[in-house]
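> Using my numbering, you'd call the opening residue of the sequence shown number 2 and step up by one each time.
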Amino acid sequence: MSHWLCVLVQTPAHATLGSALSYKSDIALPPGTLVRVPLGKRETLGVVWDGAAGHHTGELDPGKIKSIASTLDGIAPLSHSWQQLIAFAAKYYQRSVGEVALAALPPQLRDLSALQIQRRLKRRQTGLEKVAAQGSTALTDAAEGTSPVAPTPPEQPAEQPDLSPEQSDVLAQIHGHSGPFLLFGATGSGKTEVYLQAVHAALQADPLAQALVMVPEINLTPQLEARFTQRFAPLYGDDAVVSIHSGLTHPQRLRSWLSAHSGTARIVLGTRMAVFASMAHLRLIVVDEEHDPSYKSGEGSRYSARDLALYRGRVDGAKVILGSATPSLESWHHSRPAAEGGRYQRLHMPSRIGRAHSAAENLTSAEPPAHVQRGPTPPRPHDGLPLVRRVDMNHQPRNAVFSIPLLEAIKARIARGEQSMVFLNRRGYAPVLHCSDCGWKSECPHCSAFRVFHKIDRTLRCHHCGYTERVPRACPSCGNPDIAAMGRGTERLEEHLSELLADVRRPGSISAQCPEGEAVRVARIDADSTRLRGALQSQLAAVHAGDVDVLVGTQMIAKGHDFRRITLVAAANPDGALFSSDFRAPERLFSLLMQATGRAGRDAALGEVSEMWVQTFQPRHPLYLALKQHDYPSFAEQQLKEREQAGLPPFSAQALVRAQARTQEAAQSFLNAASAAAQPYAQHVTLYPAVPMSIQRVANIERAQMLVESPSRAALQRFLGEWQSELHATRQLPECKGLIRWAVDVDPLAI
Ligand code: ADP
Ligand code: ZN
Ligand code: ZN
Numbered sequence: 002m003s004h005w006l007c008v009l010v011q012t013p014a015h016a017t018l019g020s021a022l023s024y025k026s027d028i029a030l031p032p033g034t035l036v037r038v039p040l041g042k043r044e045t046l047g048v049v050w051d052g053a054a055g056h057h058t059g060e061l062d063p064g065k066i067k068s069i070a071s072t073l074d075g076i077a078p079l080s081h082s083w084q085q086l087i088a089f090a091a092k093y094y095q096r097s098v099g100e101v102a103l104a105a106l107p108p109q110l111r112d113l114s115a116l117q118i119q120r121r122l123k124r125r126q127t128g129l130e131k132v133a134a135q136g137s138t139a140l141t142d143a144a145e146g147t148s149p150v151a152p153t154p155p156e157q158p159a160e161q162p163d164l165s166p167e168q169s170d171v172l173a174q175i176h177g178h179s180g181p182f183l184l185f186g187a188t189g190s191g192k193t194e195v196y197l198q199a200v201h202a203a204l205q206a207d208p209l210a211q212a213l214v215m216v217p218e219i220n221l222t223p224q225l226e227a228r229f230t231q232r233f234a235p236l237y238g239d240d241a242v243v244s245i246h247s248g249l250t251h252p253q254r255l256r257s258w259l260s261a262h263s264g265t266a267r268i269v270l271g272t273r274m275a276v277f278a279s280m281a282h283l284r285l286i287v288v289d290e291e292h293d294p295s296y297k298s299g300e301g302s303r304y305s306a307r308d309l310a311l312y313r314g315r316v317d318g319a320k321v322i323l324g325s326a327t328p329s330l331e332s333w334h335h336s337r338p339a340a341e342g343g344r345y346q347r348l349h350m351p352s353r354i355g356r357a358h359s360a361a362e363n364l365t366s367a368e369p370p371a372h373v374q375r376g377p378t379p380p381r382p383h384d385g386l387p388l389v390r391r392v393d394m395n396h397q398p399r400n401a402v403f404s405i406p407l408l409e410a411i412k413a414r415i416a417r418g419e420q421s422m423v424f425l426n427r428r429g430y431a432p433v434l435h436c437s438d439c440g441w442k443s444e445c446p447h448c449s450a451f452r453v454f455h456k457i458d459r460t461l462r463c464h465h466c467g468y469t470e471r472v473p474r475a476c477p478s479c480g481n482p483d484i485a486a487m488g489r490g491t492e493r494l495e496e497h498l499s500e501l502l503a504d505v506r507r508p509g510s511i512s513a514q515c516p517e518g519e520a521v522r523v524a525r526i527d528a529d530s531t532r533l534r535g536a537l538q539s540q541l542a543a544v545h546a547g548d549v550d551v552l553v554g555t556q557m558i559a560k561g562h563d564f565r566r567i568t569l570v571a572a573a574n575p576d577g578a579l580f581s582s583d584f585r586a587p588e589r590l591f592s593l594l595m596q597a598t599g600r601a602g603r604d605a606a607l608g609e610v611s612e613m614w615v616q617t618f619q620p621r622h623p624l625y626l627a628l629k630q631h632d633y634p635s636f637a638e639q640q641l642k643e644r645e646q647a648g649l650p651p652f653s654a655q656a657l658v659r660a661q662a663r664t665q666e667a668a669q670s671f672l673n674a675a676s677a678a679a680q681p682y683a684q685h686v687t688l689y690p691a692v693p694m695s696i697q698r699v700a701n702i703e704r705a706q707m708l709v710e711s712p713s714r715a716a717l718q719r720f721l722g723e724w725q726s727e728l729h730a731t732r733q734l735p736e737c738k739g740l741i742r743w744a745v746d747v748d749p750l751a752i
């Protein structure tokens with residue numbers, strides 16, 4: 002007898018409801034079962050789904066329904082709560098269930114045949130048995146590359162430090178309540194230790210329990226993995242901690258996924274994609290640096306892993322901890338007191354570890370240089386957090402890149418053998434080349450943007466489409482040989498700083514071999530310097546080893562890395578974000594500067610002399626005043642007040658529809674036509690007119706967008722659900738002929 006199955010397969014983004022197809026099978030298979038099914042001429046991976054949802058067997062000729070090819074025996078069906086997560090994500094982010102489900106599975110599950118997967122499972126099984134027989138040696142398999150988990154000597158004890166009073170307090174709250182929690186803790190306040198102990202408690206409470214810990218960037222996973230493996234491998238074995246992120250090879254990813262799915266892995270560490278890991282006994286989810294924009298996917302379903310983590314916590318009955326020193330304004334708002342409508346429990350750890358009591362005793366920092374904006378003798382009130390200094394650039398020589406006091410402060414660091422870090426949010430040498438005779442500028446022929454001058458290889462490169470050319474010898478338009486660089490990026494900053502420090506010698510470097518003394522070592526870390534595999538690691542190692550005196554870079558260096566010997570961090574020119582048209586720009590700037598501040602003085606011995614410098618033309622701007630006080634709450638309050646007045650998130654919900662077309666008219670007419678069609682049922686939502694995107698043309702494709710806003714998230718969701726078929730229908734209109742693609746971005750982060 003045949004059973005009818007509804008099977009999800011990977012389908013193009015907008016095949017309405019079409020991602021669930023009908024198949025038959027000799028045996029009944031529960032939803033969540035992984036199967037291989039014929040699709041056209043190919044065979045593909047499918048997930049058996051609950052037939053009630055979007056199933057169209059009635060319309061089909063039963064004679065044409067094909068049989069499934071095989072089931073992936075040996076892999077247990079995906080759990081009901083995983084299916085709920087996928088169904089929710091698809092509905093909320095306006096994508097097909099099949100697309101979301103299949104994208105959430107490791108690529109090799111799709112790419113390998115049932116037989117090949119069978120073999121892997123078998124090898125994995127014998128590997129695990131061997132490990133069990135030998136004690137806990139790491140499972141290594143030459144064919145599958147190195148194990149994602151660094152092996153740790155099993156005899157190493159899992160030391161747990163004595164908790165600070167703040168940490169104990171916070172953990173007691175976590176144990177005593179169901180959450181979700183927002184752990185608002187200063188950089189270095191010991192949040193990671195809280196995560197470790199919360200995970201420990203969850204795993205101890207239940208022999209099957211699993212925990213998911215997410216970080217925003219792949220670069221941060223090795224540090225975290227080392228800490229978790231060191232703590233938990235001795236307790237639960239080397240296979241207990243696995244990682245899931247896009248830096249793994251496909252075989253590694255499959256193996257991590259299988260460990261999580263089977264329950265062998267008790268702890269999964271990962272980036273945003275890990276939110277979809279199959280974990281049948283999930284009891285705790287940690288989202289570290291929850292404010293980080295990397296949690297929002299920039300393609301496909303454009304999901305927010307942080308927001309899905311909260312949903313997942315609810316359906317799985319897992320506690321959720323969001324952690325940050327500068328929470329997103331959304332999370333901050335949701336963690337207001339319950340009496341005012343808050344839904345998360347806010348936990349606070351204001352003090353840096355080991356500094357809470359020593360700060361007051363150590364006020365003897367070096368005398369600050371002159372010309373610095375500051376009050377009368379600045380005390381060090383903030384539990385050892387670095388002193389924030391603003392340099393008023395209005396009082397500096399015109400066009401100065403480095404103010405005199407900042408340069409002096411950097412030289413003072415060099416003389417003491419300490420390190421400094423300067424960041425600027427723009428890579429390359431200069432953002433534009435231009436001709437002063439005829440006004441020519443280095444526009445990209447394919448984009449509405451300038452090509453950036455990279456001096457190192459003398460190229461003009463478009464950062465949007467990648468179009469690269471050699472720098473012309475003379476102005477391509479008038480022949481003037483004198484074309485000049487306008488503005489500056491990190492490359493130029495590095496060059497300029499090296500010139501300014503050219504006659505400074507490193508302390509103690511004068512010797513018989515080197516009578517002149519050694520020059521100061523300036524290094525740069527940004528997306529250009531780290532393009533090669535392993536480059537970032539070796540450049541970071543050079544900084545850690547003390548081979549660098551001054552580090553220049555983009556915000557890449559301001560995030561996460563634990564530089565112990567850096568005692569001065571400077572933002573060269575951060576004002577741009579104060580005047581951005583993106584309402585989230587100040588939030589991002591504040592969080593970046595706070596994080597950068599956290600980079601300085603991680604070494605307890607140097608913490609008291611650490612400083613964060615901000616060069617600004619707006620020294621009295623409230624953002625910088627709050628930064629100076631290390632006062633996130635007052636910054637948040639001021640921003641939330643503005644957002645409330647303007648009706649912006651979190652006081653409203655937004656979605657963007659983006660369209661790409663051959664012409665700007667086609668992109669806009671698609672959006673405007675869809676908007677017109679929606680008017681009859683657009684209740685409690687505002688549809689704004691279509692506008693060109695800020696970079697209107699990329700790689701010769703015109704881009705436009707339309708904002709949809711509602712005071713109610715539910716109303717917006719209801720509207721988007723109804724509108725979806727209209728958008729599909731609009732696409733077929735003659736005036737939308739040049740349309741290439743469109744997509745909805747729910748809760749967009751950049752507008
Ligand atoms: P955060 O994640 O909040 O930035 P970490 O958890 O990384 O902070 O802690 C900062 C430093 O303090 C780390 O080196 C960590 O090992 C150490 N640390 C954390 N908690 C304790 C503690 N209770 N006792 C001693 N050292 C601690
Ligand atoms: Zn010219
Ligand atoms: Zn371009």
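Glycine residues also receive a C-beta, built at the ideal position from the N, C-alpha and C atoms.
1) If you draw a straight line from the alpha carbon of C436 to that of W724, how long is it in whole angstroms?
2) Taking 7 Å as the threshold (C-beta atoms), are S421 and V551 in contact?
3) Exposed or buried, which one is D240 when buried takes at least 16 other CB atoms within 10 Å?
4) Could you name the residues of the same chain whose beta carbon sits closer than 8 Å to that of E362, not counting the 5 residues immediately before and after it, in chain order?
5) Can you find at least 3 beta carbon pairs, one from the region 557-571 and one from the region 403-418, that sit closer than 8 Å?
6) Is the region 696-716 close to the region 632-640, with three or more CB pairs under 8 Å?
7) Let me check you understand the geometry: is the CB of K1 closer than 6 Å to at least one non-hydrogen atom of ligand 1?
8) Measuring only from the beta carbon, is H465 closer than 6 Å to any heavy atom that is part of ligand 3?
9) Are A662 and L740 closer than 7 Å when you measure CB to CB?
10) Less than 7 Å between C-beta atoms, sequence neighbours within five positions excluded: which residues of the same chain meet that for P370?
11) DSSP three-state label for Y24, please.
12) By the DSSP assignment, the beta strand (DSSP E) with Q420 in it spans what residues?
13) Bridge partners of G186, per DSSP?
14) At the level of alpha carbons, what is the spacing between S148 and L249?
15) Do the region 291-308 and the region 91-100 meet, that is, are 3 or more Cβ pairs less than 8 Å apart?
16) Name the two residues that bound the continuous alpha helix (DSSP H) containing L255.
17) What do you reckon, are the CB atoms on F652 and E645 nearer than 7 Å?
18) Mapping DSSP to helix, strand and coil, what is Q514?
19) Taking buried to mean at least 16 other C-beta atoms within 10 Å of its own C-beta, is C479 buried or exposed?
20) Return the Cβ separation of K192 and M350 in integer angstroms, given the expectation that the two are a contact with Cβ distance under 8 Å.
21) Let me make sure I understand the geometry here. Which of E100, G355 and S23 has the alpha-carbon closest to that of S190?
22) Quick one: what does DSSP say D438 is sitting in, helix, strand or coil?
23) For a test of the three-state rule: what should DSSP assign to P451, helix, strand or coil?
24) With DSSP as the reference, label D550 as helix, strand or coil.
25) Excluding five sequence neighbours on each side, which residues of the same chain lie with their C-beta closer than 6 Å to the C-beta of H262?
26) Whose CA, out of L311, E736, A319 and R43, lies closest to the CA of H335?
27) Grab the span of the alpha helix (DSSP H) containing L541 for me, first residue to last.
28) Which residues in the same chain as L721 place their Cβ atom closer than 8 Å to its Cβ, once the five residues preceding and following it in sequence are excluded?
29) For L750, write down the residues that DSSP places opposite it in a beta bridge.
30) Can you find the residues in the same chain that come closer than 6 Å, C-beta to C-beta, to L688, ignoring five residues on each side of it along the sequence?
31) Thinking C-alpha only, which one of T265, A115, G547 and P681 is nearest R565?
32) Between the region 280-295 and the region 317-330, can you find at least three pairs of beta-carbon atoms closer than 8 Å?
33) What does DSSP give as the partner residues of K560 in its beta bridges?
34) Within a Cβ cutoff of 7 Å, which residues of the same chain sit near R471, ignoring the five residues on either side of it in sequence?
35) Answer yes or no: the CB of W441 versus the heavy atoms of ligand 2, is any distance below 6 Å?
36) Considering only their Cβ atoms, is the gap separating I175 from A199 smaller than 7 Å?
Let me lay it out:
1) Stepping through the sequence shown from its first residue, residue 436 is reached at position 435. Stepping through the sequence shown from its first residue, residue 724 is reached at position 723. Straight across, the Cα-Cα distance linking C436 with W724 is about 49 Å.
2) One-based indexing of the sequence shown puts residue 551 at position 550. One-based indexing of the sequence shown puts residue 421 at position 420. Yes. Within cutoff.
3) Here residue 240 corresponds to residue number 239 of the sequence shown, with the count starting at 1. It is buried - the Cβ of D240 has at least 16 other Cβ atoms within 10 Å.
4) Taking the first residue of the sequence shown as 1, we reach residue 362 at position 361. Note on E362: pLDDT 36, under 50, position unreliable in the model; no value is reported.
5) Result yes; three or more Cβ-Cβ pairs closer than 8 Å.
6) Touching, no.
7) Lying outside 2 to 752, the shown extent of the chain, residue 1 is not represented and no answer is given.
8) Sequence index remark: in the sequence shown, residue 465 carries index 464 (1-based). At least one heavy atom of ligand 3 lies closer than 6 Å to the C-beta of H465.
9) As a position in the sequence shown, residue 662 is number 661, starting the count at 1. As a position in the sequence shown, residue 740 is number 739, starting the count at 1. Taking 7 Å as the Cβ cut-off, A662 and L740 qualify as a contacting pair.
10) Translated into positions along the sequence shown, residue 370 becomes position 369. Confidence at P370 is low in this model, with a pLDDT of 43, below 50, so the placement of that residue is unreliable and no value is reported for it.
11) Residue numbering aside, residue 24 sits at position 23 when the sequence shown is read from its first letter. DSSP places Y24 within a strand segment (E or B) once states are collapsed to three.
12) The residue labelled residue 420 in the question sits at position 419 within the sequence shown. Boundaries of the beta strand (DSSP E) around Q420: Q420 to F424.
13) Taking the first residue of the sequence shown as position 1, residue 186 is located at position 185. According to DSSP, residue pairing for G186 in a beta bridge involves M350.
14) Taking the first residue of the sequence shown as position 1, residue 148 is located at position 147. Taking the first residue of the sequence shown as position 1, residue 249 is located at position 248. The predicted model places S148 with a pLDDT of 41, which falls under 50 and marks its position as unreliable, so this point remains unresolved.
15) Yes: the two stretches touch, three or more of their Cβ pairs being nearer than 8 Å.
16) As a position in the sequence shown, residue 255 is number 254, starting the count at 1. Counting along the chain, L255 sits inside the alpha helix (DSSP H) bounded by residues H251 to S263.
17) In the sequence shown, residue 652 corresponds to position 651, counting from 1. In the sequence shown, residue 645 corresponds to position 644, counting from 1. Yes; because the gap between Cβ atoms is below 7 Å, this pair is in contact.
18) Against the sequence shown, residue 514 aligns to sequence position 513. Reduced to three states, the DSSP call for Q514 is coil.
19) For the purposes of this step, residue 479 is taken as residue 478 along the sequence shown, with counting starting at 1. With fewer than 16 Cβ atoms within 10 Å of its Cβ, C479 is classed as exposed.
20) Reading the sequence shown from its first residue, position 191 is the one you call residue 192. Reading the sequence shown from its first residue, position 349 is the one you call residue 350. The distance from the Cβ of K192 to that of M350 is about 7 Å, consistent with a contact at the 8 Å cut-off.
21) As a working note, residue 190 is residue 189 in the sequence shown. Nearest C-alpha to S190: G355.
22) Translated into the one-based positions of the sequence shown, residue 438 becomes position 437. The three-state secondary structure of D438, taken from DSSP, is coil.
23) By one-based count along the sequence shown, residue 451 stands at place 450. Reading off the sequence, residue 451 comes out as Phe, not Pro. Three-state DSSP puts F451 in a strand.
24) Residue numbering aside, residue 550 sits at position 549 when the sequence shown is read from its first letter. Here D550 carries a coil assignment [DSSP, helix/strand/coil].
25) By one-based count along the sequence shown, residue 262 stands at place 261. Contacts found: S279.
26) For the purposes of this step, residue 335 is identified with residue 334 of the sequence shown, where counting begins at 1. Residue L311 holds the alpha-carbon nearest to the alpha-carbon of H335 among L311, E736, A319 and R43.
27) Your numbering for residue 541 matches position 540 in the sequence shown. Note, L541: alpha helix (DSSP H), A536 to H545.
28) Looking up residue 721 in the sequence shown gives position 720. Taken in chain order, the residues that qualify are Q95, A656, V709, V745 and V747.
29) Numbered from its first residue, the sequence shown carries residue 750 at position 749. In the DSSP assignment, L750 forms no beta bridge with any residue.
30) Mapped onto the sequence shown, residue 688 falls at position 687. Only S676 and V709 meet the Cβ criterion.
31) Within the sequence shown, residue 565 is the residue found at index 564, counting from 1. Answer by Cα proximity: G547.
32) As far as the Cβ criterion goes, the region 317-330 touches the region 280-295, which means the pair count is three or higher.
33) Taking the sequence shown and counting its residues from 1, the one referred to as residue 560 is at position 559. Looking at the DSSP assignment, K560 forms no beta bridge with any residue, so it has no partner.
34) As a working mapping, residue 471 is identified with position 470 in the sequence shown. Taken in chain order, the residues that qualify are R459 and T460.
35) Residue mapping note: residue 441 aligns to position 440 of the sequence shown, counting from 1. Yes; taking the cut-off as 6 Å, the Cβ of W441 has a heavy atom of ligand 2 nearer than that.
36) Indexing the sequence shown from 1 puts residue 199 at position 198. Indexing the sequence shown from 1 puts residue 175 at position 174. Yes, the Cβ-Cβ distance between A199 and I175 is below 7 Å.
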